[in-house]
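No gaps in the numbering here: position 117 of the sequence shown is 172 in my numbering, and each next residue is one more. No residue lacks a Cβ here, since even glycine has one placed at the ideal position from N, Cα and C.
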Amino acid sequence: MTVPDDPTTQTGARLAAEHLRLAYDARTVVDDLSVAIPTGSVTVVVGPNACGKSTLLRALARLLAPKEGVVLLDGQEIRSLPTRTVAQRLGILPQQPIAPDGITVTDLVARGRHPHQRWFRQWSPDDEEAVATALALTSTTDLADRSVDELSGGQRQRAWIAMALAQGTDLLLLDEPTTFLDLTHQIEVLDLLAELNVAGGRTIVAVLHDLNLACRYAHHLVVMKEGAIVAEGPPATVITEESVAAVFGLDALIVEDPVAGTPMVVPIGRHHRAAPEPARTSRS
Numbered sequence: 056m057t058v059p060d061d062p063t064t065q066t067g068a069r070l071a072a073e074h075l076r077l078a079y080d081a082r083t084v085v086d087d088l089s090v091a092i093p094t095g096s097v098t099v100v101v102g103p104n105a106c107g108k109s110t111l112l113r114a115l116a117r118l119l120a121p122k123e124g125v126v127l128l129d130g131q132e133i134r135s136l137p138t139r140t141v142a143q144r145l146g147i148l149p150q151q152p153i154a155p156d157g158i159t160v161t162d163l164v165a166r167g168r169h170p171h172q173r174w175f176r177q178w179s180p181d182d183e184e185a186v187a188t189a190l191a192l193t194s195t196t197d198l199a200d201r202s203v204d205e206l207s208g209g210q211r212q213r214a215w216i217a218m219a220l221a222q223g224t225d226l227l228l229l230d231e232p233t234t235f236l237d238l239t240h241q242i243e244v245l246d247l248l249a250e251l252n253v254a255g256g257r258t259i260v261a262v263l264h265d266l267n268l269a270c271r272y273a274h275h276l277v278v279m280k281e282g283a284i285v286a287e288g289p290p291a292t293v294i295t296e297e298s299v300a301a302v303f304g305l306d307a308l309i310v311e312d313p314v315a316g317t318p319m320v321v322p323i324g325r326h327h328r329a330a331p332e333p334a335r336t337s338r339s
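Here it is in C-alpha cells:
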C-alpha cells in the first residue's frame, strides 16, 4: 500500500488536517490522522462502513470540533476563522440534507448566498447572477419554480449542489452525494462534479461507497480503515487486490475499466470461488 505523506510536506493544499483525533463523547472514531487535500483535484474518500469517512469530512468542514489536532484552511486554523469567512471559502453538502416543506429550487439555491449578506448589503444583482449561474451549471434552470419535494433524487441532488455553488466557493465537500440514487442518477451527479472540477477548477472532496465509481471519477483516493488513512494516491496505485482484501475483507480481481481505463474491482464472493471437484463414488 501507499503510505500517506505528512501534509506538512505537501505544498499548495488549501485544506489540510494535522494529527486529528475525532470523537463522539468518549468514543474515538479517528485518531492521529493527517491529510492534505490536493488543490484543483477531485478527491474521494473510501473505506468500510463506520471507518470514519463522514466524521473526517465533518471535521474538514468545521462541523465537528477535533479533540486534538487542527484543520487548516488556507494555512489558518479553521476554527479561528469567522463562520461567515469559512462559508465564503468552503461549501458543504451533508448526508441527506432536508429542505423546508414547499421550498422552491430557486429559494433553496438562494440560501447559498446567505454568507454574503450583511445588514447593510441585502439582495443584490451579484446575488441574482450567482443563483442564475449555479442553476445553469447544474442544469436546474428549468426546475427553478418547482418545489424541491417534487423532484427526483438526481434532480434534488443537483439542486443542493447548486445551492453550494451559489456560495461562490471553489472548495466543495460532499458526504455520500450518490446514496439512495439509482445508477443513472449516480452517474448524473458524478458527471456534474467532474464538470465543475474541469470547467471551474474547483477542489472537490466526496465520500463514496462504490469503489468502481470512486476510481473512475477521483484523481486522488483516500482509503480509510478503523479511523486511520491506510493508503492514498491515484486510484491505479492505491486499488490493488491486496489493498481491497486488507481494507474491505473482500476477495476480488482488479481489471481495467474498459470505458475509463481505471481500476475496476470485480468481487469474487464465496459462491464463485472455485469449488473442489465432488468425490467420485464407485459403481458395483
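Return helix, strand or coil for residue i, following the three-state DSSP convention.
i, result
"G223", "coil"
"E123", "strand"
"G167", "helix"
"T195", "coil"
"L54", "Outside the displayed range of the chain (56 to 339) lies residue 54, so it cannot be described from this structure."
"H275", "strand"
"A185", "helix"
"G288", "strand"
"V203", "helix"
"H326", "helix"
Rounded to the nearest angstrom, how far is the Cβ of residue i from that of residue j, given a contact under 8 Å?
i, j, result
"G107", "R76", "About 11 Å; that fails the 8 Å criterion."
"V90", "A78", "Actually they do not touch by this definition, with Cβ atoms about 18 Å apart."
"A68", "P93", "7 Å"
Given that a residue counts as buried once 16 or more other Cβ atoms are within 10 Å of its Cβ, and exposed if not, what is residue i?
i, result
"G146", "buried"
"E205", "exposed"
"P121", "buried"
"L70", "buried"
"E287", "buried"
"S135", "exposed"
"N104", "exposed"
"V320", "buried"
Spatial neighbours of residue i within its chain, please: C-beta separation below 7 Å, excluding the five flanking residues on both sides.
i, result
"E243", "G209"
"V84", "L77, A78, G107, T110 and G282"
"W215", "L148 and P152"
I'd like the list of long-range same chain contacts for residue i, defined as Cβ closer than 6 Å, with 5 residues on each side in sequence excluded.
i, result
"D86", "R76 and G282"
"A165", "V186"
"H275", "P93, S96 and T98"
Skipping 5 residues on each side, what residues in its chain have a beta carbon closer than 8 Å to that of residue i?
i, result
"S207", "H240"
Exercise. Are there three or more Cβ pairs, one per stretch, closer than 8 Å when the segment 179-187 is compared with the segment 153-160?
Worked result: no
For this session: Assess, as a yes-or-no matter, whether the segment 184-203 is touched by the segment 256-276 under the definition of 3 or more beta carbon pairs within less than 8 Å.
Result: no
Problem set entry | Meets three-Cβ-pair contact criterion under 8 Å: the segment 231-241 and the segment 277-296 | no
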